[in-house]
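These notes concern the structure reproduced below.
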Amino acid sequence: MLPSRHLSSLTDLVEFPPLPNNLTWCGGIAYLDRDGVINVGSENYINSVDELEVLRGAASAIARIRNAGFRICIVTNQSPIGRGLWDHQRLAEVNSALQTILLEENSDAHLELVLYSPYVPWSNAWARKGNPGMLQVGRQIIDATESNNHISKFEYGIDYLPRDEGNSFMVGDRIADMKAGLNHGVRTFRCDQNIGIDDVIERVLDFSDNGDTL
154 MLPSRHLSSL TDLVEFPPLP NNLTWCGGIA YLDRDGVINV GSENYINSVD ELEVLRGAAS
214 AIARIRNAGF RICIVTNQSP IGRGLWDHQR LAEVNSALQT ILLEENSDAH LELVLYSPYV
274 PWSNAWARKG NPGMLQVGRQ IIDATESNNH ISKFEYGIDY LPRDEGNSFM VGDRIADMKA
334 GLNHGVRTFR CDQNIGIDDV IERVLDFSDN GDTL
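So this is what it looks like as structure tokens:
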């Protein structure tokens, strides 16, 4: 089971906005969880735009990451879809609103690629964190876009051939995020869910920091 993608087919190439100051992509990807990292999370999920609250400093942190030459890939578990609580369209509304708010705060805070897992925890889906499926797909989409190559089939699961991730990193607030990042072989950072990505922004941009462990 592959992940889903915000407002696009999974195999579509990304229409990347230019990196700040006409930077060249460094080859690194910032894999970011959403709830508890960019916006305030909830044990009862973010069910509508009205419940969306962006964490302080998130927009500027995302802009700083892009200003360091990274691409942004959101990887978020969204099991309410699989549970039948709401549909893909409801999630798209929330994700679109999140992007709008971020860009209002900082014009460089683009969420360039947004992937999500609609599957329930008991599905054992490879696309659900702590498995690294979303990160595997995100790497291939971004690589294909940068080289302008069409994606005909994804390497996935045990068939995935690891890429050079360089200084790529994963940021999340839960154990599942940690497992996904570590299983993908990237530097992995756990942030305080009440602070979000601003909690670890200095660390992720310090390439001598190898991240956290379980």
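Read in order, the letters of the sequence shown correspond to residues 154 to 367 in the working numbering.
No residue lacks a Cβ here, since even glycine has one placed at the ideal position from N, Cα and C.
ASP362: which of ILE225, ASP203, PHE342 sits nearest, CA to CA?
On the sequence shown, position 209 is the one that residue 362 refers to. Selected option, being the one with the closest Cα: PHE342.
Quick one: what does DSSP say ILE191 is sitting in, helix, strand or coil?
For the purposes of this step, residue 191 is taken as residue 38 along the sequence shown, with counting starting at 1. In the structure shown, ILE191 sits in coil (DSSP, three-state: anything other than H, G, I, E or B).
Just the Cα atoms here: how many angstroms apart are THR298 and ARG340?
Along the sequence shown, read from residue 1 onward, the residue named residue 298 stands at position 145. Along the sequence shown, read from residue 1 onward, the residue named residue 340 stands at position 187. Rounded to whole angstroms, THR298 to ARG340 spans 23 Å at the Cα level.
Between the C-alpha atoms of GLY364 and VAL357, what's the straight-line distance to the nearest angstrom?
Mapped onto the sequence shown, residue 364 falls at position 211. Mapped onto the sequence shown, residue 357 falls at position 204. GLY364 and VAL357: Cα-Cα distance of roughly 8 Å.
Can you tell me whether THR229 is helix, strand or coil according to DSSP?
Counting from 1 along the sequence shown, the entry for residue 229 is found at position 76. Looking at THR229 - three-state DSSP - the assignment turns out to be strand.
Taking DSSP's pairing of strands, which residues face LEU268 in a bridge?
What you label residue 268 is simply residue 115 of the sequence shown in a count that begins at 1. In DSSP, LEU268 forms a bridge with ARG158, VAL228.
Do you know offhand how far GLY237's Cα is from VAL273's?
In the sequence shown, counting from the first residue as 1, residue 237 sits at position 84. In the sequence shown, counting from the first residue as 1, residue 273 sits at position 120. About 10 Å.
Let me know if THR229 comes out buried or exposed under the rule of 16 or more other beta-carbons within 10 Å of its beta-carbon.
Here residue 229 refers to the residue found at position 76 when the sequence shown is read from its first residue. Its Cβ being crowded by 16 or more others within 10 Å, THR229 is buried.
When the distance is taken between beta carbons, is VAL267 closer than 8 Å to ASN248?
Taking the sequence shown and counting its residues from 1, one reaches residue 248 at position 95. Taking the sequence shown and counting its residues from 1, one reaches residue 267 at position 114. In this structure, VAL267 lies closer than 8 Å to ASN248 by Cβ.
May I ask you to verify whether the region 293 to 307 touches the region 247 to 261, counting CB pairs closer than 8 Å and requiring at least 3?
no
Do you know whose CA, among LYS332, ALA280, GLY291, lies nearest LEU155's CA?
Translated into positions along the sequence shown, residue 155 becomes position 2. Among LYS332, ALA280, GLY291, the Cα nearest to that of LEU155 is on ALA280.
Taking ARG217 as the reference, which of ALA278, VAL207, LEU288, HIS263 has the closest Cα?
Translated into positions along the sequence shown, residue 217 becomes position 64. Answer by Cα proximity: HIS263.
CA-to-CA distance, ILE234 to TRP178, given in whole angstroms:
To locate residue 178, count along the sequence shown from 1; it is residue 25. To locate residue 234, count along the sequence shown from 1; it is residue 81. One C-alpha to the other measures close to 34 Å.
Contacts around MET323, its chain only, beta-carbon distance under 6 Å, and the 5 residues preceding and following it disregarded
The count along the sequence shown starts at 1 and reaches residue 323 at position 170. Once the five neighbours on either side are set aside, the close Cβ partners of MET323 are TYR184, GLY334, VAL339, THR341.
On the three-state DSSP scale, how would you describe LEU335?
If you number the sequence shown from 1, residue 335 lands on position 182. Helix.
Report yes if the C-beta distance between TYR313 and SER157 is below 8 Å; otherwise report no.
Residue 313 sits at position 160 when you count from the first residue of the sequence shown. Residue 157 sits at position 4 when you count from the first residue of the sequence shown. No.
From the DSSP output, which residues share a beta bridge with PHE322?
Numbered from its first residue, the sequence shown carries residue 322 at position 169. DSSP, once it has assigned bridges, lists ALA183, ARG340 as partnering PHE322.
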